[in-house]
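> This is the structure, below, for whatever I ask next.
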Amino acid sequence: MKPVTPRGFRDIMPEEALKRERITRAVSDVLAVHGYLPVETPLLEDRRSLERASSVDDTPFQLFDADGRLLMVRSDLTMPIARLAATRLEHAAAPFRLRYAAPIVREQAQFMGRSRQFTQLGAELIGDAGASADIEVVSLAAEALDAAGVSKWRIACGSVRPMKELLDACGLKEDDRAAVLGCIHGSDFVDLDELVQTLEVSEDARRALCGLARVCGGAEAIEQVRDLLASCGVDTSCVDELEKLFAAARALRFGDRLVIDFSIMNSFDYYTGLVFSIYADGVFSPLGSGGRYDDAFSRLGEKDMPAAGFALSLEQIEEALAYAPQQRPLRIAVPKGSLFNDTVDALGKAGFDVEALRNPGRKLVVHAEGVDYVIVRPTDAPAFVASGGADCGICGRDSLIEANLDLVQMADLGYGRCRFVVAEPRTAKGKAQARYASHGSIRVTTKYPRITQAYYDRIGQQVDIVTLHGNIELGPMVGMADRIVDITATGTTLRENDLVVVDDVIECSARFFASPVGLRCDERVRQLADALAASRKVCS
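As numbered in the numbering used here, residues 118 to 657 make up the sequence shown, in order.
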């Protein structure tokens, strides 16, 4: 067996290394001209120190040192630099302008062909709370992208302040507040809509809570945010920072590259104000991101200090530079199987040409006017969209949960309804409880391990999951499991195998979803989402 690099890591040969060196130098030179000084932080950090400031759950490599302290390989450079500023620059005069170019390690979805090591090129402006600091950080990112040679980039901006202040005005209970933020953090607008309908708030508040995360557009979208907030009695000055940013961007001649998009406000435990992501044509992950994180220093146990910054991915910039611009149709991942016919009908009602799609034969890609239909298994649809094989797609909610990828769930389409249940043999009543009492866990067979684990976490029971790819009913029938978690529409299969439902898990139906890049960089995706939602309302 030949020596190999670990999964998600690779060697970089001289030709590519020279290109990376040129990009790094170009970005560093821009930052240096504006007075940003270089710093370096350790590859290993004390986990307990950093997790006081933000979540570090995406850190794949941890170890104990000889002193018994839990260390982690850094997954980001912002918090290590915040720690550096809090401990090493505490007596210096702020503001501090710091820059860096260094590798990080971050866990990605396994078996999705993604790297786990990246190089971040970034800057942090620490000690300046004014709108001028936000403008400086965003304009620096724009200048760095131009210097690196990226031609068609776009910066999507939002802010976490309006949503936080709206939630304060609504007076929600802590659990409800956390649930709303959880939906936004997970980019799940469908669950957000359903959750908000259950809250004891006014209709104006419901409209604002659901609408704020969907606001998108140019400078005019700021007025849309103000209207939503004002309808609930919220002081609209919390969006003044965005208005000033747009005015400055126009003056600096990149106003046409800046858009308002509140769907990006998904890090409420990290950012405190402005938040932005950077995209480019042909690249299906952000080139970078940034924002304001004023709470980091107090969480580290130090004096309050405002801060804002950004980080660019060297690897994503490489992809953007290698991309050859092309005009291509919108790509939609269409699920085969039981969802296929209803999906074709839904796309037809949304105004798309679906005649060739109705009888595709053995074709895997069906071409129509302005659109390519990529026919996939429902379970594969999330991977196609997340990896750039399609811009958007349709599949069951269960497939999205199991895939656990960075996708935006935009609309429930109402068909393909089914439910997930816990079931056991009729003749085994009481056996699962007895096993749990004696062993502290039960064994369950399923095709849906994430859904199953989430259910048992919710009810507070330990479970040992045996993942099968078919005939999971056999698990308890042959004694390899106590129960099953499975999908059912009519219950026929359960009855024929003498299985009875013990509990309901979740309900599922077909959902329209998109990649973050598709949603934020391709207006056709939003138009399709609106058309699907409108056609469903007409039908209902």
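Backbone N, C-alpha and C fix where the C-beta goes; we use that ideal spot for every residue, glycine too.
Taking the beta strand (DSSP E) that TYR396 belongs to, which residues open and close that run?
Looking at the DSSP string, the run of the beta strand (DSSP E) that includes TYR396 is 391-397.
> Measuring only the C-alpha atoms, how far is SER262 from TRP270?
The sequence shown places Leu at residue 262, not Ser. Going by the C-alpha atoms only, they are around 8 angstroms apart.
> Per DSSP, what kind of secondary structure is GLN341 in: helix, strand or coil?
GLN341: helix per DSSP, three-state reduction.
> Does the separation of the CB atoms of GLY405 and SER232 fall below 7 angstroms?
Contact: no.
> Count Cβ pairs between the segment 618-632 and the segment 508-523 that sit closer than 8 angstroms; are there 3 or more?
These segments touch.
> For ASP639, which residues of its own chain have a beta-carbon under 8 angstroms away from its beta-carbon, when the five flanking residues on both sides are left out?
The answer, listed in chain order, is LEU447, ASP508.
> Mapping DSSP to helix, strand and coil, what is HIS484?
Of the three classes helix, strand and coil, the one that applies to HIS484 here is strand, per DSSP.
> Where are the alpha helix (DSSP H) runs, 4 residues long or more, that stay fully inside the segment 197-271, in chain order?
As far as the segment 197-271 is concerned, its whole alpha helix (DSSP H) runs of at least 4 residues are 248-265.
> In chain order, what residues of the same chain lie with their CB nearer than 8 angstroms to the CB of THR544, ignoring the 5 residues before and after it?
Taken in chain order, the residues that qualify are ASP615.
> Could you tell me how far apart the beta carbons of LEU161 and MET130 are, in whole angstroms, since I believe they sit closer than 8 angstroms?
Actually they do not touch by this definition, with Cβ atoms about 27 angstroms apart.
> Evaluate the contact criterion for the segment 581-594 versus the segment 635-649: three or more CB pairs, one atom per stretch, below 8 angstroms.
At 8 angstroms Cβ cutoff, the stretches do not touch.
> Give, in chain order, every unbroken run of the beta strand (DSSP E) that is at least 3 residues long and sits entirely within the segment 513-584.
Counting whole runs of 3 or more residues, the segment 513-584 contains the beta strand (DSSP E) stretches 525-529, 535-542, 559-563, 580-584.
> Report yes or no: do the segment 596-611 and the segment 554-566 share at least 3 C-beta pairs separated by less than 8 angstroms?
The answer is yes - the segment 554-566 touches the segment 596-611, with three or more Cβ pairs under 8 angstroms.
> Leaving out five residues on either side along the sequence, give the residues of the same chain with a beta carbon under 7 angstroms from the beta carbon of GLU541.
Excluding sequence neighbours, GLU541 sits near ALA549, PRO593, ASP599, ARG600, LEU616, VAL617, VAL619.
> Considering Cα atoms alone, identify which of GLU340, ARG137, ASP308 is closest to PRO220.
The residue with the shortest Cα to Cα distance from PRO220 is ARG137.
> Give me, in chain order, the residues of the same chain whose beta-carbon lies closer than 8 angstroms to that of THR315; leave out the 5 immediate sequence neighbours on both sides.
Excluding residues within five positions, none has a Cβ falling inside 8 angstroms.
> When you compare only the Cα positions, how much space is there between ARG324 and LEU345?
Roughly 8 angstroms between the two C-alpha positions.
> Kindly indicate which residue of HIS556, ILE559, ALA338, GLN526 has the alpha-carbon position closest to the one of ALA650.
Nearest option by C-alpha distance: GLN526.
> Along the chain, where does the beta strand (DSSP E) that runs through ARG600 open and close?
First-last of the beta strand (DSSP E) with ARG600: 600-605.
> What residue range is occupied by the uninterrupted beta strand (DSSP E) comprising VAL179?
Sequence inspection shows Gln at residue 179; the Val mentioned does not correspond to that position. Looking at the DSSP string, the run of the beta strand (DSSP E) that includes GLN179 is 179-181.
> Taking a contact to mean a Cβ-Cβ separation below 7 angstroms, would you say ASP621 touches ARG536 in this structure?
It is a contact, given that the beta carbons lie within the stated cut-off.
> List the whole-angstrom C-beta distance separating SER430 from GLY531, where the pair is believed to meet the contact cut-off of C-beta under 8 angstroms.
So it is not a contact: roughly 38 angstroms between Cβ atoms.
> In whole angstroms, what separates the C-alpha of LEU257 from that of VAL400?
Cα-Cα distance, rounded: 21 angstroms.
> Does the beta-carbon of VAL255, which I'm using as the reference point, lie nearer than 6 angstroms to any heavy atom of the ligand ATP?
Although the ligand ATP was asked about, the structure shown includes no ligands whatsoever.
> Specify the secondary structure class of ARG169 as computed by DSSP and reduced to three states.
DSSP places ARG169 in coil when its eight states are reduced to three.
> Taking 8 angstroms as the limit between beta carbons, can you name the residues of its chain near VAL147, skipping five residues before and five after?
Excluding positions up to five away in sequence, the list reads LEU257, GLU260, ALA261, ALA264.
> Could you check the C-alpha separation between GLY335 and ILE377 for me, to the nearest Å?
The straight-line gap from Cα to Cα measures roughly 6 angstroms.
> Tell me whether ALA295 sits in a helix, a strand or coil according to DSSP, three-state version.
ALA295: helix per DSSP, three-state reduction.
> Applying the 10 Å Cβ sphere with the 16-neighbour rule, what's the burial state of PHE181?
Exposed: under 16 other Cβ atoms inside 10 Å.
> Below 7 angstroms between beta carbons: does that hold for GLN237 and LEU167?
Taking 7 angstroms as the Cβ cut-off, GLN237 and LEU167 do not qualify as a contacting pair.
> Taking all protein chains shown into account, decide if ILE140 is buried (16 or more other Cβ within 10 angstroms of its Cβ) or exposed.
Flag for ILE140 reads buried.
> How would you label VAL482, buried or exposed, when you count the other beta carbons within 10 angstroms and need 16 or more for buried?
By the 10 Å Cβ count, VAL482 comes out exposed.
> So is GLN433 buried or exposed if we call it buried at 16+ other beta carbons inside 10 Å?
Buried, because 16 or more other Cβ atoms sit within 10 Å of the Cβ of GLN433.
> Can you give me the C-alpha to C-alpha distance between ASP361 and ILE252, rounded to a whole angstrom?
Just to set this straight, residue 361 is Lys in the shown sequence, not Asp. One C-alpha to the other measures close to 8 angstroms.
> Using C-beta distances below 7 angstroms, list every residue in its chain close to LEU201, excluding the 5 sequence neighbours before and after it, in chain order.
Result list for LEU201: VAL156, THR158, in chain order.
> Is ALA503 near LEU524, with beta carbons less than 7 angstroms apart?
Cβ distance < 7 angstroms, so ALA503 and LEU524 count as in contact.
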